[in-house]
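First up is the structure itself, then whatever we jot down about it.
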Amino acid sequence: MTVKTNKYVKDLEAKTAAELNEELVAAKKELFNLRFQNATNQLDNTSRIKEVRKNIARIQTVIAKKANA
């Protein structure tokens, strides 16, 4: 992981479960919008889709860690 992603994960770990769920919903909405733009050939930066998908996975991982703790 890069320094940027480490900082992002640390920020996620500092949040409450409710804040993490809000973040997850926002990321999923963003992913939906990016896919929609991609389908209509309006998306310039296609690598953003991969980035958002990985962020969703990171959020879900932190939520699972907190649930098990």
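Numbering follows our numbering, with no gaps: position 62 of the sequence shown is 189. Even for Gly, the Cβ is constructed at its ideal location relative to N, Cα and C. Since the model is a prediction, treat every value here as computed from it, not as a measurement.
Pairing N165 with A154, the inter-Cα distance amounts to about 16 Å. In this structure, the CA atom of M128 is about 23 Å from the CA atom of A144. Looking only at E157, L161, K181, E149, the smallest Cα-Cα distance to N133 is reached by K181.
Taking 8 Å as the cut-off, the beta carbon of L139 is found no closer than this to the beta carbon of V179. In terms of CA proximity to K177, E157 leads the group K137, E157, A194, N168.
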